[in-house]
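> For the protein sequence lines, the chains are C and G, in the order given. Position 208 of the first sequence, counting from 1, maps to 208 under the numbering used here, and the rest follow consecutively. Position 35 of the second sequence, counting from 1, maps to 303 under the numbering used here, and the rest follow consecutively. We treat Cβ as the ideally placed atom computed from N, Cα and C, and that holds for glycine.
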Amino acid sequence: MSRYNNMFERLNKDNQGAFVPFVMLGDPDKETSFNIIKTLVESGADALELGIPYSDPIADGPTIQKASIRALNNKITPSDCFAVIKQIRELFPDVPIGLLLYSNLVIKKGLSEFYQAANAAGVDSILIADVPLREAQRFIDIAKGNNIDQILIAPPNASDETLAEIGQKSSGYTYLLGRAGVTGAETAATIPADELIAKLTQYQVAPPLLGFGISKPEQVSEAIAAGAAGAISGSATVNIIEQNLENPSKMLEQLASFVADMKAATHK
Amino acid sequence: MNHLDSKFGEYGGMYVPELLIPALDQLEQAFIDAQNDPSFVEEFNGLLKDYAGRPTSMTLTKNLVSNPKVKLYLKREDLLHGGAHKTNQVLGQAILTKRMGKTEVIAETGAGQHGVATALACALMGLKARIYMGAKDVERQAPNVFRMRLMGAEVIPVNAGSGTLKDAVNEAMRDWSATYDKAHYLLGTAAGPHPFPTIVREFHRMIGEETRAQIMEKEGRLPDAVVACVGGGSNAIGMFADFIDEPKVRLVGVEPAGKGIHTPDHGAAICTGSKGVLHGAYSYIMQDNDGQIEESYSVSAGLDYPAVGPQHAHLHDIGRAEYAAVTDDEALNAFQLLARKEGIIPALESSHALAHALNMADEAEEETIIVVNLSGRGDKDLTHVYNILGEQE
Numbered sequence: 001m002s003r004y005n006n007m008f009e010r011l012n013k014d015n016q017g018a019f020v021p022f023v024m025l026g027d028p029d030k031e032t033s034f035n036i037i038k039t040l041v042e043s044g045a046d047a048l049e050l051g052i053p054y055s056d057p058i059a060d061g062p063t064i065q066k067a068s069i070r071a072l073n074n075k076i077t078p079s080d081c082f083a084v085i086k087q088i089r090e091l092f093p094d095v096p097i098g099l100l101l102y103s104n105l106v107i108k109k110g111l112s113e114f115y116q117a118a119n120a121a122g123v124d125s126i127l128i129a130d131v132p133l134r135e136a137q138r139f140i141d142i143a144k145g146n147n148i149d150q151i152l153i154a155p156p157n158a159s160d161e162t163l164a165e166i167g168q169k170s171s172g173y174t175y176l177l178g179r180a181g182v183t184g185a186e187t188a189a190t191i192p193a194d195e196l197i198a199k200l201t202q203y204q205v206a207p208p209l210l211g212f213g214i215s216k217p218e219q220v221s222e223a224i225a226a227g228a229a230g231a232i233s234g235s236a237t238v239n240i241i242e243q244n245l246e247n248p249s250k251m252l253e254q255l256a257s258f259v260a261d262m263k264a265a266t267h268k
Numbered sequence: 269m270n271h272l273d274s275k276f277g278e279y280g281g282m283y284v285p286e287l288l289i290p291a292l293d294q295l296e297q298a299f300i301d302a303q304n305d306p307s308f309v310e311e312f313n314g315l316l317k318d319y320a321g322r323p324t325s326m327t328l329t330k331n332l333v334s335n336p337k338v339k340l341y342l343k344r345e346d347l348l349h350g351g352a353h354k355t356n357q358v359l360g361q362a363i364l365t366k367r368m369g370k371t372e373v374i375a376e377t378g379a380g381q382h383g384v385a386t387a388l389a390c391a392l393m394g395l396k397a398r399i400y401m402g403a404k405d406v407e408r409q410a411p412n413v414f415r416m417r418l419m420g421a422e423v424i425p426v427n428a429g430s431g432t433l434k435d436a437v438n439e440a441m442r443d444w445s446a447t448y449d450k451a452h453y454l455l456g457t458a459a460g461p462h463p464f465p466t467i468v469r470e471f472h473r474m475i476g477e478e479t480r481a482q483i484m485e486k487e488g489r490l491p492d493a494v495v496a497c498v499g500g501g502s503n504a505i506g507m508f509a510d511f512i513d514e515p516k517v518r519l520v521g522v523e524p525a526g527k528g529i530h531t532p533d534h535g536a537a538i539c540t541g542s543k544g545v546l547h548g549a550y551s552y553i554m555q556d557n558d559g560q561i562e563e564s565y566s567v568s569a570g571l572d573y574p575a576v577g578p579q580h581a582h583l584h585d586i587g588r589a590e591y592a593a594v595t596d597d598e599a600l601n602a603f604q605l606l607a608r609k610e611g612i613i614p615a616l617e618s619s620h621a622l623a624h625a626l627n628m629a630d631e632a633e634e635e636t637i638i639v640v641n642l643s644g645r646g647d648k649d650l651t652h653v654y655n656i657l658g659e660q661e
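1. Three-state secondary structure (DSSP) at Met24(C)?
2. Can you tell me whether His462(G) is helix, strand or coil according to DSSP?
3. Using a Cβ-Cβ cut-off of less than 8 Å, give me the residues of the region 38–56 of chain C that come near chain G, in sequence order.
4. Which chain G residues sit within Cβ distance under 7 Å of Glu113(C)?
5. Less than 7 Å between the beta carbons of Gly172(C) and Ile151(C), yes or no?
6. Does any residue of chain G bring its CB to less than 7 Å from the CB of Gln65(C)?
7. Determine contact between the region 134–144 of chain C and the region 178–198 of chain C, defined as no fewer than three beta-carbon pairs at a distance below 8 Å.
8. Among residues of its own chain, excluding the 5 on either side of Ile128(C), which ones have a beta-carbon nearer than 6 Å to its beta-carbon?
9. Taking Cβ to Cβ, would you say Arg473(G) is nearer than 7 Å to Gly506(G)?
10. Go ahead and label Ala193(C) buried or exposed: buried means 16 or more other beta carbons lie within 10 angstroms of its beta carbon, across all protein chains shown.
11. Considering just the uninterrupted stretch of the alpha helix (DSSP H) at Gly506(G), what are its terminal residues?
12. Given a limit of 8 Å on CB to CB distance, which residues of the region 118–139 of chain C reach chain G?
13. Going by beta-carbon coordinates alone, are Leu210(C) and Ala228(C) separated by less than 7 Å?
14. So, using beta-carbon positions, are Asn427(G) and Ala403(G) closer together than 7 Å?
15. Suppose you measure from the CA of Ser112(C) to the CA of Glu610(G); what does that come to, to the nearest Å?
16. Quick check on the DSSP output: what are the complete beta strand (DSSP E) runs of length 3 or more inside the region 119–204 of chain C, in order along the chain?
17. Do the region 337–350 of chain G and the region 366–379 of chain G make contact, defined as three or more Cβ pairs closer than 8 Å?
18. In its own chain, which residues sit with a C-beta less than 6 Å from the C-beta of Gly213(C), not counting the 5 before and 5 after it?
19. Between Thr237(C) and Val23(C), is the Cβ-Cβ spacing less than 7 Å?
20. I'd like the list of long-range same chain contacts for Gly122(C), defined as Cβ closer than 7 Å, with 5 residues on each side in sequence excluded.
21. Helix, strand or coil for Phe19(C), going by three-state DSSP, please let me know.
22. Could you pull the start and end residues of the alpha helix (DSSP H) that Val84(C) belongs to?
23. Looking only at its own chain, which residues have a Cβ that is under 7 Å from the Cβ of Lys66(C), when we skip the five neighbours before and after it?
24. Can you find the residues in the same chain that come closer than 8 Å, C-beta to C-beta, to Ile332(G), ignoring five residues on each side of it along the sequence?
25. Less than 6 Å between C-beta atoms, sequence neighbours within five positions excluded: which residues of the same chain meet that for Glu478(G)?
26. Distance cutoff 7 Å, beta carbons only. Does Asn157(C) sit that close to anything in chain G?
27. Can you list, in chain order, the residues of its chain whose CB lies under 6 Å from that of Ala387(G), leaving out five sequence neighbours each side?
28. Do Pro21(C) and Glu286(G) count as a contact pair if the criterion is CB distance below 7 Å?
29. Should Asp558(G) be labelled buried (16 or more other beta-carbon atoms within 10 Å of its own) or exposed?
30. Below 8 Å on C-beta distance, what does Val182(C) contact in chain G?
31. Could you give the DSSP three-state label for Ala397(G): helix, strand or coil?
32. Residues in the same chain with beta-carbon distance under 7 Å from Gln204(C), minus the five sequence neighbours each way, listed in chain order, please.
33. Does the Cβ of Ser233(C) lie closer than 6 Å to at least one heavy atom of the ligand ZN?
34. Between which two residues does the beta strand (DSSP E) containing Ile424(G) stretch?
35. Taking Pro78(C) as the query, report the chain G residues whose CB atoms sit under 9 Å from its CB, ordered along the chain.
36. So which residues of chain C does Ala428(G) contact, with C-beta pairs closer than 9 Å?
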């Protein structure tokens, strides 16, 4: 059983959805980043979604772009990121860890090498923001060979054909986009329509986690009530880091209470 | 699934968020429908002729070349309305925008040439344009910003990243992923995700077709070589397209070597040879060992881009086209030479192609006909060149 399967089984039993925060690895530096991620898990995060900083993040709004820039300015590399993940994995052997990044970082290293390194560091899943289904097959094949779930995105405008293909190919979880556009807390997610959830069930996609524009506990409850398996919150989490760069202990306190509130909202 | 081939060999593809796939599919379909629709062809050709001024002339240089065995012709895209070849393809995409029932256009621009072309096409076609431009470029290119605004376009400065062209592209793609229902992304070069490289090539291919007809009329035979500058590669692919199946015609692309390809300050993606994904396509790009995109540099803003269109990457790999690089200094020299010898002030971009063609002319030992695509005129570069030459004196 994968860590994701175990997590969803446990949450089902406890009548809860998943809360999954996203942060950028190495933001603002390696040591603080480790402390941030540790705090997220200790405060109730069911799984982690972690970014590797990239120079040209076309799917991200200003908040996550700035997180990338902070990390890159501190010379954070993909190998630094894997080092942080290893530390986290040692501390929390059961928490599912997902990577969210851009294709060129994978392609430059070489697909096999990258997925091997991710697996060795303790990564469970990889989502590549600029690899749509149409380009995904070779990534899915390599992921399978390295014990990693390739996460696929179901956008709100997805055709039946796309959803059916996601159904066949998804594992781990499905990233359900809450709206069009780029990441950011400025524009709120739309709670998925019953029709879309029904289709996801019909095509048997991996459990859908709703992301993009999730910043409040009410949205988490609504997403779960609508049939999502949980919610992902990136920009709202990263905003707390950005606002407390000068005061790391206050940053960790605020992150802890944010995660606790969001997690509490996952109880059905 | 795609109806047209989305790849050129291993290059190209659609490395974009899943969200944008329906918009790209819609564009591909609109393009296919238009190509098969006589009313589109009539409208496009009508605008090219009566509005933009096609066909452009072809000029045999009189004084520029000293080697008596060489005839050097210039394909005069500098005479096109708007001052560069870019007008061709923006008119085509503007018509597609209307055919898709969209009312808004998003575009990116570096120095402002594609922005100006987009603004003029949108003014003509009654479309609402918003143009992303790096904040640094907005400052450096004030006259073009004013031109765009005069023609009714909104110019949006981009502060993210390095504040230059690649960041403007990023921002345009972000905008599009939220607004594709009513907005078309009018990409400015033969790069980006499928179907842009194919559409942009087809909307520029008359450059090569006219060149073929004109050289046949003047010389009764095909040229030995066609030469064009390559940033993203739109004017070059427009010149090459009609000659790809003519193996005796050398296709020569000229990249910006900036301060030298062995320095960090250049924009020669093919000549320095590193593969990866930027802005939706797999191609040659400029990147560090981890895959972070590097800043490009060139004296010519239109060539200052850290990637190249995927078809050029393919033509390079199969050996059908050859790619060279020309430094800032060589381009500046060619810029002045053409002005002095022929009374034509070329764009700094086109000056790169010209500089390399002059080297080819010097080395030719047999009767040789070369056509340089003079992709734009140099009015926009006057202040920049004036300042550089002033410093050198």
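In this structure, then:
1. Met24(C): strand per DSSP, three-state reduction.
2. His462(G): coil per DSSP, three-state reduction.
3. For the region 38–56 of chain C, which is checked against every Cβ of chain G, the residues closer than 8 Å are Tyr54, Ser55 and Asp56.
4. At a C-beta separation below 7 Å, Glu113(C) has no neighbours in chain G, since its nearest C-beta there lies roughly 12 Å away.
5. It is a contact, given that the beta carbons lie within the stated cut-off.
6. Yes, its Cβ sits closer than 7 Å to a Cβ of chain G.
7. Below 8 Å, too few C-beta pairs join the region 134–144 of chain C and the region 178–198 of chain C to call them touching: fewer than three.
8. Excluding residues within five positions, the ones whose Cβ falls inside 6 Å are Ser103.
9. Taking C-beta atoms as the reference points, Arg473(G) and Gly506(G) count as a pair closer than 7 Å.
10. Its Cβ having fewer than 16 others within 10 Å, Ala193(C) is exposed.
11. In this chain, the alpha helix (DSSP H) harbouring Gly506(G) covers Ser502 to Phe508.
12. Only Ala129, Asp130, Val131, Pro132, Leu133, Arg134 and Glu135 from the region 118–139 of chain C bring a Cβ to less than 8 Å from some Cβ of chain G.
13. Taking 7 Å as the cut-off, the beta carbon of Leu210(C) is found closer than this to the beta carbon of Ala228(C).
14. Contact flag set, yes.
15. When rounded, the distance between both Cα atoms is 56 Å.
16. Here the runs fully enclosed are 125–128, 152–154 and 174–177.
17. As far as the Cβ criterion goes, the region 337–350 of chain G does not touch the region 366–379 of chain G, which means the pair count is below three.
18. Cβ neighbours of Gly213(C) beyond the five flanking positions: Gly178, Arg179, Thr187, Ala188 and Ala189.
19. Cβ atoms of Thr237(C) and Val23(C): closer than 7 Å.
20. Within the same chain, Gly122(C) has close Cβ partners Ile85, Lys86, Arg89 and Ile97.
21. In this structure, Phe19(C) counts as strand in the three-state DSSP scheme.
22. Pro78 to Leu91 is the span of the alpha helix (DSSP H), which, as asked, contains Val84(C).
23. Hits under 7 Å: Glu242.
24. The question names Ile, yet the displayed sequence has Leu at residue 332(G). In chain order, Leu340, Leu605, Leu606, Lys609, Glu610 and Leu626 place their CB closer than 8 Å to the CB of Leu332(G), counting only its own chain and leaving out the 5 sequence neighbours on each side.
25. So the qualifying residues of the chain are Pro323.
26. Residue-level contact by beta carbon holds for Asn157(C) and chain G, with a gap shorter than 7 Å.
27. Cβ neighbours of Ala387(G) within its own chain (closer than 6 Å, five residues either side excluded): Ala397, Met416, Met419 and Ala421.
28. In terms of Cβ geometry, Glu286(G) and Pro21(C) do not form a close pair [threshold 7 Å].
29. Within 10 angstroms of the beta-carbon of Asp558(G) lie 16 or more other beta-carbons, which makes it buried.
30. Those within 8 Å of Val182(C) in chain G are Arg442, Ser445 and Ala446.
31. Strand.
32. Apart from the 5 residues on each side of it in sequence, Gln204(C) sits with its Cβ closer than 7 Å to the Cβ of Gly167 in its chain, given in chain order.
33. The ligand ZN is not among the ligands present in this structure, which contains no ligands whatsoever.
34. Boundaries of the beta strand (DSSP E) harbouring Ile424(G): Glu422 to Val426, taken from the DSSP string.
35. Under the 9 Å cutoff, chain G gives Asp558 and Gly559.
36. Within chain C, the residues near Ala428(G) are Pro62, Gln65, Lys66 and Ile69.
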